[in-house]
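What follows is a set of notes on a single structure, which appears directly below.
Chains as they are written, first to last, in the numbering used here: chain A, 1042 to 1155; chain B, 414 to 527.
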């Protein structure tokens, strides 16, 4: 398996623009996670999906952030409008059974908002 | 407030010697602990884990020790190799319905010198 795939790997955008990050989990995994890594706060869970359904979005910082999982092989994280403080590395991870199996992380998307 | 703390941002060790990475936690509801390893431009990868019912878990050169009374865990790498140079993250999760939620420390950069 190719592992968790994220695109783009790097994104540079201007403040106010919409940003969409994409993730393809490992085939057969039922759980998907979006994380954000910053220097100040480290690695934080933003949202968790189980069987394509959002279970916990308590980590989503504000309404400008939204995430969807239309099917088992695709998820998006959207920021609209983007702000400079959103600059971070965003990771997607998947696991077979959340809480029982290890999470496999994608390579991340480095987002820079100017 | 950080619930998982890695107080050493960096550690430098000679090849062949032991590397000891430390982690402290404050939440007594945590009962499962993991170590992830991260190379630059890659996502974290799972290394080793330990349940709170154990005080030691070993996998090859890697051993994790858990001291529940002190709320402290450590990762020992023996012998250290240059390829072990990476950022190591400690993570913890609780039991029951929130067992999917990993809380990460900010990481320790390990450099193993040849």
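Positions of the beta carbon are idealized from the N, C-alpha and C atoms, including for glycine.
The structure presented is a predicted model; accordingly, all values stated were derived computationally and were not measured.
In this structure, residue 1087 of chain A lies near residue 1131 of chain A, with their beta-carbon atoms less than 9 Å apart. Residue environment: residue 451 of chain B is assigned as buried (16 or more neighbouring CB atoms within 10 Å of its CB, all protein chains considered). By alpha-carbon distance to residue 479 of chain B, the top candidate from B/442, B/506, B/496, B/436 is B/436. Contact check between the region 427-436 of chain B and the region 484-496 of chain B: three or more CB pairs, one atom from each, fall below 8 Å, which counts as touching. Interface criterion not met: the Cβ of residue 1113 of chain A is under 9 Å from no Cβ in chain B. Taking 3 residues as the shortest admissible run, the region 1051-1124 of chain A contains the following complete beta strand (DSSP E) segments, listed from N- to C-terminal end: 1051-1054, 1060-1065, 1072-1079, 1083-1091, 1094-1097, 1106-1112, 1115-1120.
Within the same chain, and ignoring the five residues on either side of residue 1078 of chain A in sequence, the residues whose Cβ sits closer than 7 Å to its Cβ are 1084, 1129, 1130, 1132. DSSP places residue 430 of chain B outside both helix and strand once states are collapsed to three, so it counts as coil. In this structure, the straight-line span from the alpha carbon of residue 1113 of chain A to that of residue 422 of chain B is close to 37 Å.
In the structure shown, residue 518 of chain B falls within a coil segment according to DSSP collapsed to helix, strand and coil. Interface criterion met: the Cβ of residue 1143 of chain A is under 9 Å from a Cβ in chain B. By the neighbour-count criterion, in which 16 or more other beta carbons inside 10 Å mark a residue as buried, residue 1127 of chain A falls on the buried side.
Against residue 499 of chain B, chain A offers no close residue; the least beta-carbon distance is about 13 Å (beta-carbon pairs closer than 9 Å). CA-to-CA, the gap between residue 505 of chain B and residue 488 of chain B works out to about 14 Å. Short of 7 Å from the beta carbon of residue 1136 of chain A, and not among the five residues preceding or following it, lie these beta carbons of its own chain, in chain order: 1070, 1072, 1142, 1143, 1144, 1145. Sequence-distant Cβ neighbours of residue 1049 of chain A in its own chain, meaning closer than 7 Å and more than five residues away, are 1150. If you compare the alpha carbons of B/511, B/508, B/502, B/526 with that of residue 520 of chain B, the shortest gap goes to B/502. Rounded to the nearest angstrom, the Cβ distance from residue 1134 of chain A to residue 1076 of chain A is 7 Å, consistent with a contact under 8 Å.
Identification of residues in the region 444-474 of chain B having a C-beta nearer than 9 Å to some C-beta of chain A yields 445, 447, 449, 451, 454, 455, 456, 457, 458, 459, 462, given in sequence order. Using a CB distance cut-off of 9 Å, residue 423 of chain B does not count as an interface residue toward chain A.
Under the DSSP assignment, residue 1130 of chain A falls in the beta strand (DSSP E) whose first and last residues are 1129-1136. Neighbours of residue 1049 of chain A in chain B, taken as residues at a C-beta separation under 9 Å, are lacking, since the least C-beta distance is about 13 Å.
In the DSSP assignment, residue 471 of chain B falls within the unbroken beta strand (DSSP E) covering 469-472. Around the beta-carbon of residue 1060 of chain A, 16 or more other beta-carbon atoms lie within 10 Å, marking it buried.
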